[in-house]
Amino acid sequence: MTKKSFIPIPPPAELPDPETIDVAGIVAAYLAGRIDIICVVGPTASGKTRYAVALAREIDALMPDGRRCEILSADSRQVYRDMTIGTGKDLCEYEDIPYHLIDIVEPGVVYNIWEYQRDFAAAYRDVRSRGAVPILCGGSGLYVETATCAYEFGKGAPRAEGLPEKPYYIGTLVSREERRARIDRRLDERLEEGMVDEIRALLERGVSADSLIHYDLEYKFVTQYVLGEISYDYMKERLRIAIHQFAKRQMTWFRGMERSGITIHWTLPD
RNA sequence: GGUGCGUUGGCCGAGUGGCUAGGCAUUGGUCUGCAAAACCAAGUACAGUGGUUCGAUUCCGCUACGCACCU
């Protein structure tokens, strides 16, 4: 008996109990200044956008002075124009609810968290200055923290001014099984909606294959398929797996946020 | 019915009489200027059953299952 693991096997992560979100309470807290932004987080395909829009409507109905909600995106890939189906923007779900930080840079360029913090700060100030209620919605955990956790970047860059200080986090809760099923279903839907054509058009327009491959997931695997490097079936299978793995990492990030002391109110979407 | 070959962890796949490849998937985690990134960690498998042996996943027998061929 010489080799023995000293690290105990971690128990399977228990799913938190879903909460019922007290929207009236959130509105009261917002009006009293105890909350300055509502953040909807969750893994890919968990229904964040739909939930955020529904929440916006509920809050709108409860606001006494006619103030309206606006949604700020925290998604590292939805910032790119013309990368719509592959990034799952679901723009039609917003209907009349204004949204920000989507379609703000050209595909092919490199965007980063520092720029996101700067752009978020500007959008946030803009929303507040018009008296609207900001709802941050997105699955890029680092971006969410950059917007709401007072990140300071080194290299002489000053932190953006006027970031929110009292966020209220809501998570869209789905079991691992449900999460995978939703991802698979949504992948099929987006392929039918023309995801391959969207990426083919980007390539034909001159966006480099390397930059698309760098964006990973949909853009990586579909680009490789369009270039004839992999078969359709292989593309789809590897993409499915890669999205599952990505969703797992997202959940790891959110659990890490909770471990660091942040409270996320997990609730059932739909 | 007969003969031969095969049976390795969720899957693929090496290999050995003792030190128990590897890949994929899965799960847990790290995370402050590309984050849909990059990276770390975990699980101890050899069909079943007798035997040979100090010791068998590895050798022998039988059983089961699979494949091929024969009558």
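Its first residue numbered 0, the first sequence is counted upward by one per residue in numbering that gives the first Met the number 0.
C-beta atoms are modelled at their ideal positions from N, C-alpha and C, and glycine is treated no differently.
Shortest alpha-carbon distance to Gly207 belongs to which of Arg258, Gly193, Glu191, Val225? Correcting the residue identity first, residue 207 is Ser in this sequence and not Gly. The option with the nearest alpha carbon to Ser207 is Val225.
What do you get for Pro268, buried or exposed, if any count of 16 or more other CB atoms within 10 angstroms of its CB means buried? buried
Please list the terminal residues of the continuous beta strand (DSSP E) segment that includes Ile70. 68-72
Which same chain residues end up closer than 6 Å to Arg181 when comparing Cβ atoms and leaving out the 5 residues on each side of it in sequence? Ala44
Cβ-based burial, Val173 [other Cβ within 10 Å; buried from 16]: buried
Have a look at Ile212, Thr251, Gln249, Val22 and flag the residue whose alpha-carbon is nearest the alpha-carbon of Val109. Ile212
Contact between the stretch 20-32 and the stretch 225-243 is defined here as three or more beta-carbon pairs at a separation below 8 Å; is this criterion met? no
With a floor of 4 residues, list each alpha helix (DSSP H) that falls wholly inside the stretch 2-60, ordered by position along the chain. 22-30
Assumed close pair Ile70, Ile103 - CB separation to whole angstroms, cut-off 8 Å: Not really, about 14 Å apart at Cβ, beyond 8 Å.
Are the stretch 68-86 and the stretch 188-207 touching, with three or more C-beta to C-beta distances below 8 Å? yes
For a test of the three-state rule: what should DSSP assign to Met0, helix, strand or coil? Low confidence applies to Met0: its pLDDT is 26, below 50, so where it sits in the model is not reliable, and the reading given next is rough at best. If DSSP states are grouped into helix, strand and coil, Met0 belongs with coil.
For His99, write down the residues that DSSP places opposite it in a beta bridge. Leu71
Beta strand (DSSP E) segment containing Leu211, residue limits: Element bounds for Leu211: not the beta strand (DSSP E) but the alpha helix (DSSP H), 208-213.
Roughly how many angstroms separate the alpha carbons of Glu144 and Gln116, rounded to a whole number? 9 Å
Assuming His99 contacts Ala122 (C-beta within less than 8 Å), just tell me the rounded distance between them. 4 Å
In angstroms, rounded to a whole number, what distance separates the CA positions of Leu216 and Ile242? 7 Å
Burial state of Lys2 (16 or more Cβ within 10 Å): At Lys2 the pLDDT is 27, less than 50, meaning the model places this residue with poor confidence; the figure from the coordinates comes in the next sentence. Result: exposed.
Sequence-distant residues of the same chain with beta carbon closer than 7 Å to Gly107, five excluded per side: Val206, Ser207, Ser210
Would you report the Cα separation of Arg248 and Glu92, rounded to the nearest angstrom? 26 Å
Using C-beta distances below 7 Å, list every residue in its chain close to Cys68, excluding the 5 sequence neighbours before and after it, in chain order. Ala55, Ile58, Asp59, Ile96, Ala131, Val132, Ile134
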